[in-house]
Amino acid sequence: MLTAVVAIFLLAALAPSLHRLLPNGSHWVLALGPAAITVWFASQIPAVSGGAVLTQAMHWVPALGVELAFRLDGLSLLFALLVTGIGSLIVVYSGSYLHGHEHQGRFYLFILAFMGSMLGLVLADDMIGLFVFWELTSVTSFLLIGFNHEDARSRRSAVQALLVTATGGLALLAGLVLLGLEGGSFRLSAVQASEVDLRGSALYLPILGLLLLGAFTKSAQVPFHFWLPNAMDAPTPVSAYLHSATMVKAGVYLVARLQPTLGGTEVWIWTLAGFGAVTAVWGGLMALRSTDLKKVLAYTTLMALGVLTLLAGLGSEDAIRAYCVFLLGHSLYKGALFMGAGGVDHGTGTRDVRDLGGLWPKMRLTGLVILLAALSMAGLPPFFGFVGKELIYEGVLEADPAGLWILAGVVLANATMLGAAGLVFVKPFLGRPTPATAHAHENGPALLLGPAVLALLGLGFGLMGSWPAGLLQATAAAVAGRPLALELHLWHGLTPALGLSALTIALGALLYVGLGPVTAALAGLARLSRVDFDAGWDRLLAGLDALARAITRRQQTGALTWYMLATIAVLTLLPGVTLLARGGLQWPDQPVGDDYVGWALCGLMLLGTAGALWARTRLGAITALSIVGMSIALFFLAFSAPDVGITQLMVETLTVIIIVLVLARLPKFGPLERTGAGLRLLKAGLALLAGAVTTAILLSVHAQPLSPHLSEFYAAASYVEAFGHNVVNVIIVDFRGFDTLGEIAVVAMAGLGVLALLKARGAPAAEDQKRETAP
Amino acid sequence: MMNSLILQTATRLLLGLMILFSVFILWRGHNQPGGGFIGGLIVAVAFALHALAYGVRAMRKLLVLDPRTILAAGLALSILAGFVAALGPGGLFANPYLEGRWFVTYTPAGEKSFAIGTPVLFDIGVYLVVIGGILAMVQGLMEED
Amino acid sequence: MEIVLAFTVGALVAGSVYLLLSRNLLRLLFGVILLSNAVNLSIFLVGGLTFGAPPLIAEGRSVLEAPYANPLPQALILTAIVIGFGLLAFSLVLVYRGHQEIGTLDGDALRLAEPPETPAAGGGATAIPTQDRSAA
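Protein chains in written order, with this note's numbering: chain D, 27 to 801; chain A, 859 to 1003; chain U, 163 to 298.
As structure tokens, then:
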């Protein structure tokens, strides 16, 4: 599994070069990689169907206990097959779709990198690994949506998708960390198997909320759905891949993955069912309103994601079966429809339903493919979509009767699917020919292969329910957390579900026939409700900008004094308050001392400090500072630090020299020193506080016993190991030589920096001066 | 430049002495108070005083080398001194960077009589960097006129 | 003695903070000088004060014999003093060049990077700061 993920990333890295070598055939070669991996995953079906689970783990960040752990159970296997299988078809498809695009190689890189991330996501067992892959899919999808980066709308959509999904990703991280801490392990499988009662935990609601926020943003649940229709600005292969079967399914994957661990509570059921149902209905209705083929499909995807969320929420046996079947069915027909829609766009140059008509004679193959897929989407027998829909109804019926309104919503949503299916096939292919379709032409094999395979699978799985049953049974078992029998039949007998199906078909046909009035009514409803998520998003961003500006304006006043005040206040209060609050304040247990040299020198320092504060002239201040510096030098000499004392003396001399050199060219002390009494009081107060905190800290530190280890080491090793009698010098040039190297580098930089400041007088400055002297 | 006779005379006398003294300080630094930092500062003070007395051009002439050259040479010497450790026992690069390497002679009685090692080279580098860095500042500021 | 020094260092810090809060950049630099002195002294203090016993190994001996002053703080302070000088020289020249270019020593008037917002222009990046303050 690790090999598979790494191989795809490697392939991604090689893709641009390969494309340069083989500009016309690279897609066939590149598709071989994921195809081979698909075959490998397919070969695991019998074992996994038999209940086996493959695991693989390696250390990643051992210090944090993060592992790169992979786990292949039924759920992961189904997703892995979808990711790699549809992925290889998409690579072939995009080779033809983007033929001649100047960045085609880059496109392969992005889409393969996405494939690797998505595969890692569905295989990951370690939570941190899951999160990393999750974010990688967000980033790669950003690159893919914004692939046409010269287009401002693409860029906006890409940023929007990234911000929404990445925000959710952060919530997910927080949720996963909480889950890991509470569950006692960062392995999803271990948490699921553990005895910890997560549902009864006090952290259950925060964990659930954070994880669902991640899942809902990724899987575009209302009210986070608005990025998905906008993401249709991406090239069609991207929509066909990311926005049908893979990335947007990451959220419903996560929900299903967590269902055995966190599911089954009232909150879980009603949150997921509520959000799912609303999303399903909203998506279905919006699909009918749209005229862009891809937008129609995007909204039907919303509907499917809503239904999947709903089913994962209900969590009953039938609901789980329906989840698995519908997941597969939707991926097949939606991938086919997206690719078919791209084919129509490619063949006619438009994908606006209003401009399309009479394509059937010109694009029979494309039409046939779309027809097959659309029938599956409409949920008509004998397609796999029908099987899925029957199961959905059974799942919802089995749930609490209080879910009647949910049932109504699902019926309505499914009916809209029928309408949308009509929209996608009937009008473009059977409608009256239009000018736009006059020069339509059939597409080549690379554009037809992908959708044809998926559409035929949709038909085949419908007719031969036993083909996918084994895999889906394992998937259902993984979602349920226990073995679950699953059989697929087209004919279930005269059940309530069948009745609902009939009702759906009738309602859907009605919706399609009455499409004109329906869309008008929907438009009116939309105007009335004034709900515009997209515009709301813009307002949210504008508000954030304004907030940031307002904070910056208050904080960054541009006055240096204010910055200094704030910085010093924080630096003073933080340690001061900590010292007090933690009870660290201590008085050293020792006499004050009667060392008259020390007393005298301290007195001189105080005198000098006072002089520096009150000096009226600059020379006076410098003299006062020299007194301080010289007293300190003498203090060092007196208290057994001859090297330090000499150094201080020398530096004191140099300081005076260097200040005097500059002083002649600077203005004297003047009105700048005159500030208001209030401000002066504030400054003096802060200064005294800073001094007091310093003294308190020093006294408290000194009250603690000093560990002699280090000085003992130096005392013992200085001569024996480093041949020096002067321990201080040995420390500087030997024991802490690396430190000193850094320090002389700083001295060197300071010297060069001074030279640079003095010598470099750029043109802008000269211009400024000219402007200043101009009348 | 200060046209002070006392300063000029004193500086002329002091300069040579201070430089000699600084070398002495640098050399004995490993065993007595002193070392590269202090030695370098003494030379810097000496030259800065000379520049104050006779002007920056006179100082620059006396210095022969550009302060930046001295600075760079010192930094290079210190860095290279650290690499000598790589040639130590146990194979190439077996010892950590900057670890001291010593050449020691012994008296017949077995006492160490003379020791020179890479830390001394390192300290000479420090000495040169301090001289070069500070004189670069002094020279830059005095050339402002 | 440490107790006396702790209070002295506190006074030095108080003085330096007052100078750091000054609008005159030269006084701010004086504050920097005072602050590095205070910091060096406090490192010296926490290492413990020892009178008349420098950390020098006596001739003919191979280890330092107690009592001796703590050598590590001394090594740290020694380099810190030189670095402090480098910092001072650099900032001094910075202030000096700033005065040459902008014509003021008023820290609050240095607004090139953060121009004051004028209602008309919304604050242009090339706004020239007011210079009347340094005239006196």
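C-beta atoms are modelled at their ideal positions from N, C-alpha and C, and glycine is treated no differently.
A distance below 8 Å separates the beta carbons of U/Ile239 and D/Val670.
Comparing alpha carbon positions, the residue from D/Ala228, D/Asp259, D/His269, D/Leu234 closest to D/Lys244 is D/His269. Two segments are said to touch when three or more pairs of C-beta atoms, one from each, lie closer than 8 Å; by this definition the region 189-206 of chain U does not touch the region 737-755 of chain D. Under the 10 Å beta carbon count, D/Ala576 is surrounded by fewer than 16 other beta carbons and is classified as exposed.
The three-state reading of DSSP puts U/Arg185 in coil, since its state is none of H, G, I, E or B.
In the structure shown, the three-state DSSP call for A/Ile974 is strand. Its chain contains Gly341 as the residues whose beta carbon lies nearer than 6 Å to that of D/Gly289, once the 5 sequence neighbours on both sides are disregarded; these appear in chain order. Within its own chain, the residues whose Cβ lies closer than 6 Å to the Cβ of A/Ile928, once the five positions on either side in sequence are excluded, are Leu986, Ile989, Gly990, listed in chain order.
Exclusion of the five residues before and after D/Tyr267 leaves Ile116 as the residues of its chain whose Cβ lies within less than 6 Å of its Cβ.
Under the Cβ criterion of 8 Å, U/Val194 is not counted among the residues facing chain D. Bounds of the beta strand (DSSP E) holding D/Glu93 are 92-98. When C-alpha distances from D/Gly277 are compared across D/Gly310, D/His467, D/Phe157, the shortest belongs to D/Phe157.
Listed in chain order, the non-local C-beta contacts of D/Pro42 below 8 Å within the same chain comprise Gly131, Arg132, Tyr134, Leu135, local neighbours out to five positions each way being set aside. Residue burial annotation: D/Asn256 is buried, with at least 16 other C-beta atoms found within 10 angstroms of its C-beta. Straight across, the Cα-Cα distance linking D/Thr374 with D/Leu391 is about 14 Å. In the three-state reduction of the DSSP assignment, D/Tyr123 falls in the helix class. Chain D has a Cβ within less than 8 Å of the Cβ of U/Ile165. Annotated three-state conformation of D/Met84 is strand, per DSSP.
Put simply, of A/Ala902, A/Leu945, A/Ile877 the residue whose alpha carbon is nearest the alpha carbon of D/Leu680 is A/Ala902. Taking CB atoms only, A/Met1000 has no neighbour in chain U less than 8 Å away.
Here DSSP, grouped into helix, strand and coil, assigns D/Trp253 to helix. Cβ-Cβ separation between D/Val307 and D/Leu417: approximately 19 Å, too far for a contact (criterion under 8 Å). Per DSSP, D/Tyr279 is one residue of the alpha helix (DSSP H) stretching across 275-288.
Counting along the chain, D/Asp564 sits inside the alpha helix (DSSP H) bounded by residues 559-581.
Bridge partners of U/Asp268 according to DSSP: U/Asn186. The C-alpha of D/Ser211 is placed about 56 Å away from the C-alpha of U/Ile219. Bounds of the alpha helix (DSSP H) holding D/Leu196 are 178-209. Here D/Met84 is exposed, its C-beta having fewer than 16 other C-beta atoms within 10 Å. Taking 9 Å as the Cβ-Cβ cut-off, the region 202-222 of chain U approaches chain D at Asn202, Leu203, Ser204, Phe206, Leu207, Val208, Gly209, Gly210, Leu211, Thr212, Phe213, Gly214, Ala215, Pro216, Pro217, Leu218, Ile219, Ala220, Glu221, given in chain order. In chain order, Val984 make up the part of chain A whose C-beta sits under 7 Å from the C-beta of D/Thr766.
The beta-carbon distance between D/Ala741 and D/Val754, rounded to whole angstroms, is 12 Å. This is too long to meet the 8 Å contact definition. Against chain A, a Cβ distance below 7 Å from U/Val244 picks out Phe895, Val988.
Rounded to whole angstroms, the Cβ separation of D/Gly717 and U/Val244 is 26 Å, and the two are not in contact under 8 Å. In the DSSP assignment, D/Asp378 is bridged to D/Asp318. Straight through space, the alpha carbons of D/Val682 and A/Leu999 are spaced by roughly 13 Å.
The beta-carbon of D/Phe749 is placed less than 8 Å from the nearest beta-carbon of chain A.
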